[in-house]
Every structure is written in C-alpha cells, then in structure tokens.
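**Q**
2 protein chains.
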Amino acid sequence: MTSEALARALNTNPVVVRRLMGGLREHGYVHSEKGHGGGWTLSCQLDQVTLRDIYEALDAPRLFAIGNRSEETECLVEEAVNHAMSSVLADVKAQFLARFGQITLAALHADFHQRLAERHGPTTLCK
Amino acid sequence: MTSEALARALNTNPVVVRRLMGGLREHGYVHSEKGHGGGWTLSCQLDQVTLRDIYEALDAPRLFAIGNRSEETECLVEEAVNHAMSSVLADVKAQFLARFGQITLAALHADFHQRLAERHGPTTLCK
DNA sequence: CACTCTAGCAACACATGAAGTTACATGAGA
DNA sequence: TCTCATGTAACTTCATGTGTTGCTAGAGTG
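So the protein sequences, as listed, match chains L and U. Using this note's numbering, read the first sequence as starting at 1 and increasing by one per residue. Using this note's numbering, read the second sequence as starting at 1001 and increasing by one per residue.
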C-alpha cells in the first residue's frame, strides 16, 4: 500500500504516514519500497507484535498530560510533591506498558473480523 | 497568604493561582477573603485530603497525552483499536486515582519536614 | 534516456490547549 | 474615600503535535 492510500484511509497526510511508518520500519515491522510499484508491506507476524512494541517503535511518545513542572528544584515542597507524583506515574506507566504488551496485532485483527462479521448493512472498507 | 505571595513562591502569576485555588475553595479545602488583610487560608485537615481530592477539585484535568482520535467512527479497524485502548486507559486511570487517593497532604507535609531536617546549608523557604 | 511513481526528508505553516497577562469589577478594612 | 485583596473575562504568549510544501533519490516503464 502506498503512503497516499494509507493517508486517505486514515484521513491524514502521506507525509504524516511516512513519519509514523518510519519508526515501524526501523524495528522491522514493515518494509518500504521506493519507486514505481513501491509502497509499504507488512513484514512481521501479527501475533508476534504487541501494542507496546508499536508504542515503543513510535518512540514512546509522552504518555501523561500531567507531570512535574521541573525535575530539579530548590523548593522542598515541590521536591516532596514531585517525588510522590513521579513514583505513582512510573508505576502506572509500567502497568500501562504491561497491558499494551499483552495486546497483539493478531488480537486486534481478530476483533476487526468479528466486528466485520457482525456488521449489518453495506461493508465499505477503506476509501 | 495572598495570591500574590503564593504566585511568587510558585514562580507564576496571581491570576493563575486564583484560578487553581478557586477549585479548591469550591470543595472547601481552602477559604478566601477579599479586601484588606484578605487572602487564602487552609480550611481542611491535611490527613483528610488526598492528591486525588486535589486532582478532582482541579476539575480532573486530562490525564493521558494519548487517546482515541475520535470516539465515533465508521472504521472497524479504528473501532477495534479504540476499544482496546479505551479499556487499558480506563483501567490505568483507575489505578492512578487509587494511588493518588492514598497520598494525603499530611504525608506530603511530613515528607517535606523530613527533607527540611535532612537539608544541609541555609534554609531559605519561600521568596 | 526521459518519464512517472514512489518513499525520504527538511522546513515551514497551522491548530490546539495550557499558561500567563491585562483590565476592570467587587468587597472589606483602615 | 483610599488601599488592598479576590473574582473574572478577555486577550496574549508559548509549547507541542499535526499538516503541508518543496525538493531529493530510487525504481520501474515506454
């Protein structure tokens, strides 16, 4: 599939697709070919790759919208709060990664087919 | 303490302080007085209020920096991914709230005093 | 060899939301 | 009545993620 086709399916821009896919390519989950007839191909086993792998291949984007204002501070109050917050957020992030690590692409693939089978009405897939 | 003094201590602006404190006041954690000699006073027991209470008094700001692009979609693939993501994020958020619910302001207060006692050198508190 | 189609990439533009700022109204003491 | 404080709306600034443009390079086609 070309970046252009993917972008249409995802309602976004080919360059955005390439940026994202670049991370996946570096980890060998997909492969890209330039030139005529080129585009992206899958190059992994769906049951061998988890959402956690994807998250990390995408360079582990910031998970939390909250956090310490600054890591280093002179203020002992801030220090105490930072310490408590960091500890909680680290544990929670670990749980997040563990959960994502249990969801394979194969599971999502199966879920998709389940939804497709249950779907009434016309089944237009991608644009 | 006045918003102005708090703002100096927090390296921010009095209006920002008032915005934040407003949430705390609505929940009865602090009290404010206008006019000459006015300002903010604490009006709760530190061991009765947790970080979770504060978080919720601050109107439970968005916790995660990631999430579904849109809740409603025609796309079955997106639907499957959203379902998996939402489930994980909801559970993780619950764990976050539970952890924050165990941290009282009294505990932070104690931690601060511990740090203060251990501190070498001059002890300048707030500006 | 020229042409077309594709990814790769840098640089720029835009959108969103949080944080900070200004201006003014209101209330309370001196 | 003057000063000092909060309350609040409106505006500005800043950071970040997303989208866009323009160009390069590689790969097949005629």
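By construction, the Cβ of each residue, glycine as well, lies at the ideal position given by its N, Cα and C atoms. For clarity, every value in this text was computed on a predicted model and none was experimentally measured.
Are the CB atoms of L/V88 and U/F1112 within a distance shorter than 8 Å?
**A** Position 112 of the second sequence, counted from the first residue, corresponds to residue 1112 of chain U. Position 88 of the first sequence, counted from the first residue, corresponds to residue 88 of chain L. Going by C-beta atoms, U/F1112 is not nearer than 8 Å to L/V88.
**Q** Taking just the CA atoms, how far does U/L1063 sit from L/E56?
**A** Start at 1 with the first residue of the first sequence, and residue 56 of chain L comes out as number 56. Start at 1 with the first residue of the second sequence, and residue 1063 of chain U comes out as number 63. If I take the Cα positions, the gap works out to 20 Å.
**Q** At which residues does the alpha helix (DSSP H) containing U/S1032 begin and terminate?
**A** The residue given as residue 1032 of chain U occupies position 32 in the second sequence. Premise fails: U/S1032 lies in the beta strand (DSSP E), 1030-1033, not in any alpha helix (DSSP H).
**Q** For the ligand MG, any of its heavy atoms closer than 7 Å to the Cβ of U/G1039?
**A** This structure does not include the ligand MG; it has no bound ligands of any sort.
**Q** Below 7 Å between beta carbons is the criterion; list the residues of the region 55-78 of chain L that meet it against any residue of chain U, in chain order.
**A** Flagged, chain order: P61, R62, L63, F64, A65, I66, L76, V77.
**Q** Excluding the five sequence neighbours on either side, which residues of its own chain have a C-beta within less than 7 Å of the C-beta of L/L138, listed in chain order?
**A** A question about residue 138 of chain L goes unanswered here, because the residues of chain L that appear run from 1 up to 127.
**Q** Below 8 Å on the Cβ atoms is my guess for U/L1046 versus U/L1105; work out the distance and round it to an integer in Å.
**A** Along the second sequence, read from residue 1 onward, the residue named residue 1046 of chain U stands at position 46. Along the second sequence, read from residue 1 onward, the residue named residue 1105 of chain U stands at position 105. Confirmed, about 4 Å.
**Q** Could you spell out where the beta strand (DSSP E) holding U/G1022 opens and where it closes?
**A** On the second sequence, residue 1022 of chain U is found 22 positions in, with the first residue counted as 1. Premise fails: U/G1022 lies in the alpha helix (DSSP H), 1014-1026, not in any beta strand (DSSP E).
**Q** Establish whether the CB of L/Q95 and some CB of chain U are separated by less than 8 Å.
**A** By 1-based counting over the first sequence, the position of residue 95 of chain L is 95. So yes, L/Q95 belongs to the interface.
**Q** Could you tell me whether the Cβ of L/H83 comes closer than 8 Å to any Cβ of chain U?
**A** Working through the first sequence from its first residue, we reach residue 83 of chain L at position 83. Output row for L/H83: interface = yes.
**Q** Roughly how many angstroms separate the alpha carbons of U/L1097 and U/T1012, rounded to a whole number?
**A** As a position in the second sequence, residue 1097 of chain U is number 97, starting the count at 1. As a position in the second sequence, residue 1012 of chain U is number 12, starting the count at 1. The straight-line gap from Cα to Cα measures roughly 27 Å.
**Q** Would you report the Cα separation of U/K1127 and L/V81, rounded to the nearest angstrom?
**A** Numbered from 1 along the second sequence, position 127 holds the residue referred to as residue 1127 of chain U. Numbered from 1 along the first sequence, position 81 holds the residue referred to as residue 81 of chain L. The pLDDT assigned to U/K1127 is 48, lower than 50, so where the model puts this residue is not dependable, and the model offers no usable value.
**Q** Taking C-alpha atoms, which residue in U/S1003, U/L1108, U/Q1114 lies nearest to U/G1035?
**A** What you label residue 1035 of chain U is simply residue 35 of the second sequence in a count that begins at 1. Ranking U/S1003, U/L1108, U/Q1114 by Cα distance to U/G1035 puts U/S1003 first.
**Q** List the residues that DSSP assigns as beta-bridge partners of U/T1041.
**A** Here residue 1041 of chain U refers to the residue found at position 41 of the second sequence. The partner list for U/T1041 (beta bridge, DSSP) reads U/H1031.
**Q** Can you list the residues of chain U that L/A5 reaches, using a CB-CB cut of under 7 Å?
**A** Numbered from 1 along the first sequence, position 5 holds the residue referred to as residue 5 of chain L. Per Cβ cutoff of 7 Å: no residues; L/A5 is ~14 Å from chain U at best.
**Q** Whole angstroms is fine: what's the gap from U/V1016's alpha carbon to L/H83's?
**A** Here residue 1016 of chain U is taken as the residue at index 16 of the second sequence, counted from 1. Here residue 83 of chain L is taken as the residue at index 83 of the first sequence, counted from 1. Their Cα atoms are separated by approximately 23 Å.
**Q** Closer than 7 Å by C-beta to L/R52: which residues in its own chain qualify, once you throw out the five before and the five after it? Chain order, please.
**A** Counting from 1 along the first sequence, the entry for residue 52 of chain L is found at position 52. So the qualifying residues of the chain are L97, F100, G101.
**Q** Does the distance from the CB of U/E1079 to the CB of L/R25 come in under 8 Å?
**A** Position 79 of the second sequence, counted from the start, is the residue given in the question as residue 1079 of chain U. Position 25 of the first sequence, counted from the start, is the residue given in the question as residue 25 of chain L. No, Cβ-Cβ distance for U/E1079 and L/R25 is not below 8 Å.
**Q** Going by the DSSP bridge assignment, what does U/T1104 pair with across the sheet?
**A** As a working mapping, residue 1104 of chain U is identified with position 104 in the second sequence. Its beta-bridge partners are U/T1050.
**Q** What's the C-alpha gap between U/S1032 and L/V77?
**A** As a working mapping, residue 1032 of chain U is identified with position 32 in the second sequence. As a working mapping, residue 77 of chain L is identified with position 77 in the first sequence. In a straight line, the C-alpha of U/S1032 is about 22 Å away from that of L/V77.
**Q** With distance defined between alpha-carbon atoms, name the residue in U/L1010, U/A1005, U/P1014 nearest to L/R69.
**A** On the first sequence, residue 69 of chain L is found 69 positions in, with the first residue counted as 1. Considering only alpha carbons, the answer is U/L1010.
**Q** Ends of the alpha helix (DSSP H) at U/R1008?
**A** Here the question's residue 1008 of chain U lines up with position 8 in the second sequence. Unbroken alpha helix (DSSP H) run through U/R1008: 1003-1009.
**Q** Could you list which residues in chain U have their beta carbon closer than 7 Å to that of L/V16, in chain order?
**A** Indexing the first sequence from 1 puts residue 16 of chain L at position 16. Simply none; closest approach about 12 Å.
**Q** Distance check for L/H109 and L/H27, CA to CA, integer angstroms please.
**A** Residue numbering aside, residue 27 of chain L sits at position 27 when the first sequence is read from its first letter. Residue numbering aside, residue 109 of chain L sits at position 109 when the first sequence is read from its first letter. If I take the Cα positions, the gap works out to 20 Å.
**Q** Less than 8 Å between CB atoms is the rule here; does L/L20 satisfy it with respect to chain U?
**A** The sequence position of residue 20 of chain L within the first sequence is 20, counting from 1. It does not: the Cβ of L/L20 has no partner Cβ on chain U nearer than 8 Å.
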